[in-house]
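Working notes, structure below.
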Amino acid sequence: MALYQFSPDDAVRFLSEQRIQFRRQGNELRAKTCPYCRGGKSGKDSNTFSINLTNGAFNCLRASCNVKGNMLTLARDFGFSLGNTVDGYYGNSKKYRDLSKVSKRDTRPEAIRYMESRGIGEYTARRYELTTQKKADNILVFPFRDEKGTLHFVKYRKMDFDREKDSCKEWCEKNCRPILFGIPQCKPEENKTLIMTEGQIDSLSLAEAGIDNAVSVPTGKNGFTWIPYCWDFLKKFDTLIVFGDYERGEISLLTEMTKRFDGMVKHIRHEDYRDCKDANEILQKYGSQALRDAVANAVPVQDPRIKCLAEIEKQDLSQLERIPSGINALDGILGGMYMGQLVLMTGERGQGKSTFASQIGTIAMEKGYPVFFYSGELMDWMVRDWIDRQVAGGAHINTRTYASGYREHHVNAIVAEKISKWYEGRGYLYDNRIVDNAEQETDELCKTMETAIKQYGCRVLIIDNLMTALEDDTQSDLYRQQSNFTKQLAIIAKQFNVLILLIAHPRKTSGKDFANDDVAGSSNITNLVDVVLRYAKPGKSGEESNSNDRILTVHKNRLTGRLTHKDGIRLYFDEASKRISEFPDRFDWRLSWEDEEFTELELDEDIGYELPF
Numbered sequence: 014m015a016l017y018q019f020s021p022d023d024a025v026r027f028l029s030e031q032r033i034q035f036r037r038q039g040n041e042l043r044a045k046t047c048p049y050c051r052g053g054k055s056g057k058d059s060n061t062f063s064i065n066l067t068n069g070a071f072n073c074l075r076a077s078c079n080v081k082g083n084m085l086t087l088a089r090d091f092g093f094s095l096g097n098t099v100d101g102y103y104g105n106s107k108k109y110r111d112l113s114k115v116s117k118r119d120t121r122p123e124a125i126r127y128m129e130s131r132g133i134g135e136y137t138a139r140r141y142e143l144t145t146q147k148k149a150d151n152i153l154v155f156p157f158r159d160e161k162g163t164l165h166f167v168k169y170r171k172m173d174f175d176r177e178k179d180s181c182k183e184w185c186e187k188n189c190r191p192i193l194f195g196i197p198q199c200k201p202e203e204n205k206t207l208i209m210t211e212g213q214i215d216s217l218s219l220a221e222a223g224i225d226n227a228v229s230v231p232t233g234k235n236g237f238t239w240i241p242y243c244w245d246f247l248k249k250f251d252t253l254i255v256f257g258d259y260e261r262g263e264i265s266l267l268t269e270m271t272k273r274f275d276g277m278v279k280h281i282r283h284e285d286y287r288d289c290k291d292a293n294e295i296l297q298k299y300g301s302q303a304l305r306d307a308v309a310n311a312v313p314v315q316d317p318r319i320k321c322l323a324e325i326e327k328q329d330l331s332q333l334e335r336i337p338s339g340i341n342a343l344d345g346i347l348g349g350m351y352m353g354q355l356v357l358m359t360g361e362r363g364q365g366k367s368t369f370a371s372q373i374g375t376i377a378m379e380k381g382y383p384v385f386f387y388s389g390e391l392m393d394w395m396v397r398d399w400i401d402r403q404v405a406g407g408a409h410i411n412t413r414t415y416a417s418g419y420r421e422h423h424v425n426a427i428v429a430e431k432i433s434k435w436y437e438g439r440g441y442l443y444d445n446r447i448v449d450n451a452e453q454e455t456d457e458l459c460k461t462m463e464t465a466i467k468q469y470g471c472r473v474l475i476i477d478n479l480m481t482a483l484e485d486d487t488q489s490d491l492y493r494q495q496s497n498f499t500k501q502l503a504i505i506a507k508q509f510n511v512l513i514l515l516i517a518h519p520r521k522t523s524g525k526d527f528a529n530d531d532v533a534g535s536s537n538i539t540n541l542v543d544v545v546l547r548y549a550k551p552g553k554s555g556e557e558s559n560s561n562d563r564i565l566t567v568h569k570n571r572l573t574g575r576l577t578h579k580d581g582i583r584l585y586f587d588e589a590s591k592r593i594s595e596f597p598d599r600f601d602w603r604l605s606w607e608d609e610e611f612t613e614l615e616l617d618e619d620i621g622y623e624l625p626f
């Protein structure tokens, strides 16, 4: 754990305060001028200063400057604030009162009597040097000392507080360095577990029960300005038990200390509070043993991302939600296209992988799964025409042949109108004309995908293709973006239990047999997906072929591990309908748009002649 955790907002705020123009480029902020050398105001030296938005590292590319560092460096050199906590620890800019010469005071009888009324004895009161003000016996005084016994902070409590008469129950001396209460009484060399409470009387209750290393925070559950000044003290402990106030089902201090403490964090079990608010109330109602039991029973903070194997429900693959791919031999290997999967489809340019993906989309729509299409290369009307022909089938497509031999195919107008009605609630397309900044397209696409899932009920999402969904100017950043985008898609697929098909081009492979690493871009892409499919012409990659046939191969199958045999699955293509089939003469399956009610068809497990998927 680090005291300072970088936030991209800090980088934006720094450049804004310095009145430096900047723009986001990939994973960086590119500033027009360097805050150090002030170079780059014009010409070739402009935009040479950048801040990385992942870790906050910066540098100036001008040879005469070449300054490097991070956000802490900028905060130090330019007086830039990263918050009171960080400023106090690294910059030590705030001046606090020196209380080191304040003499120790004896524990006064009024303090002892009050603590006894709270179940805390005289020994504990004297050990922690509690007393009262000289001129006000009803004001309890808590001295906060460091490991050397130096006084840094003082807190007061009105022992006869009346909510109707008094405006304040507790307050602190002004301009004092905030630290934890009870530090000198701790023994980290003997016990590596620290117990933290919200109130001083609560930590004293634990001490009264014979529990070592009990401390409390100086300014309540929302004040963490003490952390920079107790950082080295905290690092002496391996385990932190949070014994905060328990209200409305939550334990104070727990969330924040889980983030900040560099070790195991535990908390008191809810049932061990015994319907009490805090440690002192437990002490008064149930005694010291109840506190000792509560601390002994403390449990680690549960991370929602970590599960015990015994808690995971077993799944029957036959019961998982899936759709058929439309290719019987492929479904025999994969079991179908499962919801929650990210499927990567690759193949040489122009060989039909987009066509195959869109056919899977038509099958999904037929099965009642709304589909979201993204195409970075085709205009919207071209995507519509492509899918129309697959939905219509060859029997409903008119063909016009020109003198040159060129053939033009289009769906019958009456049929096209029926298909339009059939699309309602089933098919949606990303309008890529709206995004005018290519650097923002990846984020916008992911947000739009989530909207399509949540607002439009889309369960199948087809992204065509990886490269057109990204844009950057340096190869290294582009690879990082490819990996990050693919990871985002994998998360979306599993988070929302949807099927995502991602299309990606292969590298130039010089005729060798295809392997997963031959997918263009970051080598991490195929590690992140669940299934890798290759749709290509027969023969090795790069070989010329005049055949209209295609070979479909499975190169990764995370769920069952089954792959295609060496020769793959031979498929056939019908130009007019753009349909793909396992059989060279079977492209005439019917979809439900041909039925007046547009009812969903019940697809058989066994593929027949009438409907081969």
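For what it's worth, the numbering used here labels the leading residue of the sequence shown as 14, then goes sequentially.
All C-beta atoms in this analysis are idealised placements derived from N, C-alpha and C, irrespective of residue type, glycine included.
1. Less than 9 Å separating the beta-carbons of Ile475 and Gly374?
2. What residues in its chain sit with their C-beta under 8 Å from that of Asn450, if we drop five residues either side in the sequence?
3. Go through its chain and collect everything with a Cβ distance to Thr67's Cβ below 7 Å, but skip five positions before and after it.
4. In terms of residue numbering, what span does the beta strand (DSSP E) encompassing Met172 cover?
5. Please report how far the alpha carbon of Asp111 lies from the alpha carbon of Val167, in whole angstroms.
6. Thinking C-beta only, is Thr499 closer than 9 Å to Leu515?
7. Indicate the three-state DSSP secondary structure (helix, strand or coil) for Trp239 in the structure shown.
8. Per DSSP, what kind of secondary structure is Thr359 in: helix, strand or coil?
9. Using C-beta distances below 7 Å, list every residue in its chain close to Asp401, excluding the 5 sequence neighbours before and after it, in chain order.
10. Taking all protein chains shown into account, decide if Thr487 is buried (16 or more other Cβ within 10 angstroms of its Cβ) or exposed.
11. Could you pull the start and end residues of the alpha helix (DSSP H) that Arg26 belongs to?
12. So, Val255 versus Met270, is the Cβ gap smaller than 9 Å?
13. Using the three-state DSSP reduction, which class does Met392 fall into: helix, strand or coil?
14. Over the uninterrupted alpha helix (DSSP H) stretch that includes Ser301, give me the two end residues.
15. My understanding is that Tyr387 touches Leu458, with C-beta atoms under 8 Å, so please give their C-beta distance in whole angstroms.
16. Pull up the CB-CB distance for Ala220 and Thr137, whole angstroms please, since I reckon it's below 8 Å.
17. Could you give the first and the last residue of the continuous beta strand (DSSP E) run that contains Ile432?
18. So, at 7 Å on beta carbons, what are the nonlocal neighbours of Leu95 in its own chain, with the 5 sequence-adjacent residues on each side left out?
19. What three-state label does DSSP hand Lys81 in the structure shown?
20. Is the distance from the Cβ of Pro48 to the Cβ of Phe91 below 9 Å?
21. What is the DSSP secondary structure of Tyr674, counted as helix, strand or coil?
22. Hey, out of Val230, Gly132 and Gly360, whose CA is closest to Asn293's CA?
23. Looking at the unbroken beta strand (DSSP E) that takes in Val177, where does it start and where does it end?
24. Measuring only the C-alpha atoms, how far is Phe586 from Asp601?
25. At which residues does the alpha helix (DSSP H) containing Glu326 begin and terminate?
26. So, helix, strand or coil for Asp587, using DSSP?
27. Over what stretch of residues does the beta strand (DSSP E) that includes Met270 continue unbroken?
28. Using CA coordinates, which residue listed in Lys234, Cys50, Phe237 and His280 is at the minimum distance from Asp316?
29. Is the beta carbon of Val544 less than 9 Å from the beta carbon of Leu347?
30. With burial defined as no fewer than 16 other Cβ atoms inside 10 Å of the residue's Cβ, what is the status of Cys73: buried or exposed?
31. Contact between the stretch 190-206 and the stretch 243-250 is defined here as three or more beta-carbon pairs at a separation below 8 Å; is this criterion met?
On the basis of the supplied data:
1. Using a Cβ distance threshold of 9 Å, Ile475 and Gly374 count as a contacting pair.
2. With a pLDDT of 49 at Asn450, under the threshold of 50, the modelled position of this residue cannot be trusted; read the value that follows with caution. Correct list: empty, nothing qualifies.
3. Closer than 7 Å at Cβ, skipping near neighbours: Asn40.
4. Unbroken run through Met172: none, as it is neither H nor E.
5. Each residue's alpha carbon lies about 12 Å from the other.
6. Yes, the Cβ-Cβ distance between Leu515 and Thr499 is below 9 Å.
7. Coil at Trp239, not helix or strand.
8. Thr359: strand per DSSP, three-state reduction.
9. So the list reads Val424, Ala429 and Ile432, once near-sequence residues are dropped.
10. Note that Thr487 scores a pLDDT of 44, beneath 50, so its modelled location is shaky; the value from the coordinates is reported in the next line. Residue environment for Thr487: exposed (fewer than 16 other C-beta atoms within 10 angstroms of its C-beta).
11. Counting along the chain, the alpha helix (DSSP H) containing Arg26 begins and ends at Pro21 to Glu30.
12. The criterion of a C-beta distance shorter than 9 Å is satisfied by Val255 and Met270.
13. Met392 falls in the coil class under three-state DSSP.
14. Its alpha helix (DSSP H) spans residues Ser301 to Ala309.
15. The pair is a contact, with the Cβ atoms about 6 Å apart (cut-off 8 Å).
16. The distance from the Cβ of Ala220 to that of Thr137 is about 5 Å, consistent with a contact at the 8 Å cut-off.
17. Element bounds for Ile432: not the beta strand (DSSP E) but the alpha helix (DSSP H), Ala426 to Tyr436.
18. Within the same chain, Leu95 has close Cβ partners Tyr17, Asp23, Met84 and Ala88.
19. In this structure, Lys81 counts as strand in the three-state DSSP scheme.
20. Closer than 9 Å, so yes.
21. Because the chain spans 14 through 626 in this model, residue 674 falls outside it and cannot be assessed.
22. Shortest Cα-Cα distance from Asn293 to any of Val230, Gly132 and Gly360 involves Gly132.
23. In the sequence as presented, Val is not what sits at residue 177; that position holds Glu. Element bounds for Glu177: n/a, residue is neither H nor E.
24. The straight-line gap from Cα to Cα measures roughly 12 Å.
25. Counting along the chain, Glu326 falls outside any alpha helix (DSSP H), and DSSP gives it neither H nor E.
26. DSSP places Asp587 in strand when its eight states are reduced to three.
27. Going by DSSP, Met270 is part of no beta strand (DSSP E) but of the alpha helix (DSSP H) stretching over Leu267 to Arg273.
28. If we check each option's Cα against that of Asp316, His280 comes out closest.
29. Their beta carbons are under 9 Å apart, which means Val544 touches Leu347 by this criterion.
30. Result: buried.
31. The stretch 190-206, when compared against the stretch 243-250, does touch it at the 8 Å Cβ threshold.
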